[in-house]
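Asks: One structure is given below, represented as structure tokens, and several questions about it will come after.
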Amino acid sequence: MRVIGLPLFIGALAIAGPASVAAGDYPTKPLTMTITFKPGGAADIAGRLSAAAAAKKLGQPIAVINKLGGGGSIGFDYVGKQKPDGNNIGWLSASILTTTLLGKLPYDYSNFDYVCAVTFDATTIAVKADSPWKTLPEFIAAAKKSPKTIKVGHAGTGSFTYMVGSTLMKSQGANVVYVPVGKRRLPSLLSGEVDAISVHPPELVASVRSGDVRLLALSSPKRVEAFPDVPTVAELGMKIDFHQFRGVFVPKGTPQEIKQKLSDAFKEAQNDPKLIEAAKQRGFGINFIGVDEFPKYVTDQNALIKSVIDAQK
Amino acid sequence: MDPLLNGLIQGLQPFTLLLTAVGVVLGLVIAAIPGLTVSLAVVLLLPFTFYLSPSPALGMLIGVFVGGMAGGAISAILLNIPGNPASIITTRDGYPMAKEGRADVALGIAFLSSILGGAFSLLVLCLIAPQIAKFALLFGAAEQAMLVLLGLTLVAGFSEGSIIRGLISAGLGLAIAMIGLDPITASMRYTFDTVELQQGISFIPVMIGMFALPVALQSLVQTGDNSLPPAIPVANPHLGVRKAIASLRQLWGCIFRSSAIGTTIGAIPGTGSAIAAILSYQYAERLSKNRTVEFGNGHPEGVAAPEAANSALTGGALIPMLILGIPGDPVTAVMLGALLIQGLTPGFTLFRDSSEIVYGLFASFGISLGLLTIISLLGIPLFVKVIRIPARVLMPTIVLFCIIGSYALQNSVLDVWVMLSAGVLAYYMQRWNYPILPLLLALILGKIFETQFRMSLIIALGDPLIFLKKPISLAFVVLFVSFLAWTVRTEFLNSQKSKTSAVSTT
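In order, the protein sequence lines correspond to chains A and B. Just so we're aligned, residue 13 is where the first sequence starts under this note's numbering, counting upward by one. Just so we're aligned, residue 30 is where the second sequence starts under this note's numbering, counting upward by one.
Written out as structure tokens, the structure reads:
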């Protein structure tokens with residue numbers, strides 16, 4: 013895919029003439045969508061399948077390229093610098109807010125235009141199947157009883173799942189030890205190096221199905237079809253909506269008409285059987301928010317995440 | 030029906046067989062081109078796997094995996110440019126063999142070791158995968174830290190006679206490994222407020238640049254000479270294969286040990302192929318009975334050990350993926366995705382409930398090895414022709430592939446600059462007699478060591494004795510200390526010897 017992206021990119025340079033096409037005819041040529049996640053992962057699959065569904069409606073193919081690194085900042089930065097003509101779009105996640113807030117990009121979230129949210133990943137606190145804690149309240153009670161002894165593994169300091177997990181713990185007054193186990197989240201949980209992990213559910217689909225791991229709760233407002241029995245934190249009475257929304261963004265200054273067309277096209281994805289099946293098998297959720305509401309939602313989420321980061325300083 | 034037979038029938042379906050063969054060839058070719066990695070081959074194929082049923086999809090992926098592990102040796106031996114990190118060590122003895130005009134023998138040994146290493150890991154996978162998976166889980170942060178420390182002792186072995194120069198080179202590698210986000214606290218280190226530097230300097234562009242560019246620069250400087258240094262033509266390539274097969278008898282023990290190391294390391298998630306090659310080379314050097322050639326000067330075991338180990342890794346890496354649902358590298362990560370999207374769940378139950386898929390995968394693995402044997406051995410005469418391509422054609426092609434390869438890695442222009450700078454650095458290091466392998470070793474292992482070491486301390490709530498309290502970690506500490514003592518003793522004896530010989534000549 014990445015190698016294919018190169019000739020495509022050169023091709024696009026050759027075609028792009030000075031005459032800007034009227035938004036009414038959009039789209040007149042194939043689109044390129046940048047995904048900041050590694051190919052094959054659940055976040056990438058969600059983006060690719062959504063793009064495939066949207067492409068049908070748009071009548072133009074959408075070529076997907078993966079630009080990794082810097083917690084997504086490299087890809088976000090790249091899309092932000094493209095022409096705002098709707099031909100270069102990006103697959104975003106809430107990380108677009110964390111990377112800008114953490115200073116990984118020299119500007120803030122308002123440097124992009126937001127089109128729509130399509131899918132989401134909750135964050136979950138997971139324990140081993142033979143762990144004594146059956147529910148999140150039990151886990152929190154144990155952490156309160158013996159502070160600084162229960163170890164919670166996560167992807168890395170500053171990562172999204174770390175922020176959600178630590179915010180949740182802090183809001184409930186639980187004092188735990190955070191271990192940045194990185195990619196070895198699941199092995200470190202199974203081997204007992206850490207007592208729990210704070211992760212996105214898709215990476216635990218296999219171990220939940222095989223009965224090795226138990227999810228205590230999800231941080232999203234909706235439950236996820238792959239784990240029908242796992243409650244949301246809201247159901248448990250914890251007032252937190254802090255989850256990884258995924259969707260489409262474009263360079264700042266893209267005409268409203270184009271954003272509307274993109275939003276309408278990606279709306280089709282929520283009814284796409286392939287995306288629905290993938291969500292069920294891979295453990296992510298589908299929750300469409302269109303162009304009329306999404307920019308406001310992003311602003312609200314940005315304020316929430318900013319307060320979390322400021323509190324951690 | 031017998032599940033293994035059933036699996037074999039699955040694997041031998043014409044369509045699956047065809048895709049497996051495509052995978053092997055693609056893996057072999059892509060891995061042989063400097064800068065294009067096995068992960069890249071998988072990424073290229075990924076979109077196709079969405080539209081395939083599990084057997085052909087997994088067959089193609091395992092084919093790429095198997096072919097890729099062998100392919101890296103081709104450029105390592107013929108051009109002294111490792112095709113992927115797993116074959117860095119292969120350059121050390123493979124290239125000297127090629128220079129002596131024994132490129133065909135070296136390639137033969139590399140391929141046969143690869144195939145045997147793969148077969149060994151397949152056997153382990155079929156017989157004792159669940160036990161290995163449980164063992165792999167015992168590898169926590171402390172064990173990883175000490176394992177990597179053990180690998181770092183090889184800096185001494187790669188120092189080409191001068192330990193001081195080796196240490197300077199390794200220090201440079203560690204300094205480069207520092208760049209980027211701190212692995213524990215995520216604070217910035219030497220990033221100079223740039224976005225691109227936050228993720229650190231990626232290892233692969235440095236590797237490509239350091240090996241490939243000096244060769245190209247050298248040919249620029251040497252005007253008039255149109256061919257590569259090893260322009261000795263191979264008389265009869267088929268004879269080389271026969272010689273390689275004949276030499277197997279002496280390599281048996283080395284291949285077996287290296288395969289065991291490779292399979293074990295592969296089963297430990299997140300450890301990587303380079304360390305498997307490094308450790309098996311270390312053992313081969315210590316335990317070799319054949320002392321007619323020195324290691325580093327074209328010793329056949331120096332080729333056999335890393336190649337057997339990095340292929341054995343393939344079967345090893347499948348173990349945690351199939352049993353625990355933990356992918357150890359990009360290829361198994363994609364395979365895991367392919368299984369999940371079909372509604373299959375890795376775990377002990379997978380073997381019981383979906384045995385046809387599992388054994389189909391094993392069969393495809395075996396078939397890939399069979400195809401690799403035919404393709405690679407028949408291909409040797411073709412591969413060795415690369416040496417005879419005139420430098421004015423070969424060198425620009427290599428540089429071009431290096432640029433494309435470093436860019437394609439993560440679509441980042443910075444990586445191209447890193448590759449070019451690393452190349453210039455390596456050119457001058459070689460001119461001033463500084464070895465480059467310690468730098469690369471420190472760059473690969475330094476970051477892993479730092480991360481796992483500090484993590485061990487967090488997990489132990491600050492108790493440094495954790496490294497001695499856990500049995501596997503303790504074993505590594507003992508090995509580390511004895512390797513160090515052995516190196517110091519050898520150095521001391523050598524300096525004594527040179528002193529006495531200096532005295533006797535005067």
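By construction, the Cβ of each residue, glycine as well, lies at the ideal position given by its N, Cα and C atoms. Please read these numbers as outputs of a predicted model, since none were measured by experiment.
(1) Could you check if residue 257 of chain A is buried or exposed, using at least 16 other CB atoms within 10 Å of its CB as the buried criterion?
(2) In angstroms, rounded to a whole number, what distance separates the CA positions of residue 515 of chain B and residue 219 of chain A?
(3) Put residue 133 of chain B into one of helix, strand or coil per three-state DSSP.
(4) Please look up how many angstroms separate the CB atoms of residue 376 of chain B and residue 203 of chain A, rounded, as I've assumed it's under 8 Å.
(5) Cα-Cα, which of B:239, B:361, B:217, B:37 is closest to residue 52 of chain A?
(6) Tell me residue 136 of chain A's beta-bridge partners as DSSP assigns them.
(7) Against chain B, with Cβ distances strictly below 8 Å, would residue 144 of chain A count as a contact?
(8) Whose Cβ in chain A lies nearer than 9 Å to the Cβ of residue 83 of chain B?
(9) Spell out the partners DSSP gives residue 103 of chain A in its beta bridges.
(10) Could you work out which residues of chain A lie near residue 375 of chain B, taking near to mean beta carbons separated by less than 8 Å?
(11) Nearest to residue 275 of chain B by CA position, among B:141, B:335, B:234, is which residue?
(12) Which residues in the same chain have their Cβ closer than 6 Å to the Cβ of residue 110 of chain B, if we skip the five residues on either side of it in sequence?
(13) Out of curiosity, what's the CA-to-CA distance linking residue 500 of chain B and residue 485 of chain B?
(14) Does DSSP put residue 41 of chain B in a helix, in a strand, or in coil?
(15) Hey, residue 295 of chain B and residue 150 of chain B are a contact pair by Cβ (cut 8 Å); roughly how many whole angstroms apart?
(16) Can you tell me whether residue 499 of chain B is helix, strand or coil according to DSSP?
(17) Note down, in chain order, each residue of its chain lying with its Cβ closer than 7 Å to the Cβ of residue 183 of chain B, except the 5 sequence neighbours on either side.
(18) Going along the chain, which residues of its own chain have a beta-carbon closer than 8 Å to the beta-carbon of residue 33 of chain A, five neighbours each way excluded?
(19) Assign residue 147 of chain A to one of two classes, buried (16 or more other C-beta atoms within 10 Å of its C-beta) or exposed (fewer than that).
(20) Listing by chain order, which chain A residues have their CB less than 7 Å from the CB of residue 372 of chain B?
(21) Over the uninterrupted beta strand (DSSP E) stretch that includes residue 163 of chain A, give me the two end residues.
(22) Does any residue of chain A have a CB that is nearer than 8 Å to the CB of residue 160 of chain B?
(23) Quick check on residue 90 of chain A: does DSSP put it in helix, strand or coil?
(24) How far does the alpha helix (DSSP H) with residue 191 of chain A in it extend, from its first residue to its last?
(25) Would residue 35 of chain B pass as an interface residue toward chain A - the criterion being a Cβ-Cβ separation below 8 Å?
(26) Under 8 Å between the Cβ atoms of residue 107 of chain B and residue 127 of chain B?
(27) Could you give the DSSP three-state label for residue 244 of chain A: helix, strand or coil?
(28) If residue 154 of chain B sits next to residue 96 of chain B, beta carbons under 8 Å apart, how far is it from one beta carbon to the other, in whole angstroms?
(29) Taking the CB atoms as reference points, tell me whether residue 334 of chain B and residue 137 of chain B lie closer together than 8 Å.
(30) With distances taken from CA atoms, which of A:208, A:291, A:155, A:73 is nearest residue 143 of chain A?
(31) Would you please state the rounded distance, in angstroms, between the beta carbons of residue 270 of chain A and residue 282 of chain A? I believe it to be under 8 Å.
(32) Which residues in chain A sit within 9 Å of residue 298 of chain B, going by Cβ to Cβ distance?
(33) Alpha carbon to alpha carbon, how far is residue 102 of chain A from residue 126 of chain A?
(34) State buried or exposed for residue 167 of chain A, treating a residue as buried only when at least 16 other CB atoms are found within 10 Å of its CB.
(35) Find the nearest neighbour of residue 84 of chain A within the set A:75, A:158, A:177, A:170, judged by alpha-carbon distance.
(36) State the beta-bridge partners of residue 302 of chain A as determined by DSSP.
Replies: Considering the structure as presented:
(1) buried
(2) 44 Å
(3) helix
(4) The pair is not a contact, with the Cβ atoms about 16 Å apart (cut-off 8 Å).
(5) B:361
(6) A:211, A:230
(7) no
(8) Those do not exist, as residue 83 of chain B stays about 13 Å from chain A at its closest Cβ, beyond 9 Å.
(9) A:47, A:260
(10) 218, 222
(11) B:141
(12) 63, 104, 240, 241
(13) 14 Å
(14) coil
(15) 7 Å
(16) coil
(17) 307, 311, 470
(18) Confidence in residue 33 of chain A is poor, its pLDDT being 48 and thus under 50, which makes the residue's placement unreliable; the coordinate value appears in the next sentence. Excluding sequence neighbours, residue 33 of chain A sits near 40, 97.
(19) exposed
(20) 293
(21) 163 to 165
(22) no
(23) helix
(24) Run containing residue 191 of chain A: none in the alpha helix (DSSP H); it sits in the beta strand (DSSP E), 189 to 191.
(25) no
(26) yes
(27) strand
(28) In fact, because the Cβ distance is near 18 Å, the residues do not count as touching under 8 Å.
(29) no
(30) A:208
(31) That pair is no contact at about 20 Å.
(32) 195, 196, 198, 199
(33) 10 Å
(34) buried
(35) A:170
(36) Bridge partners of residue 302 of chain A: none, in fact.
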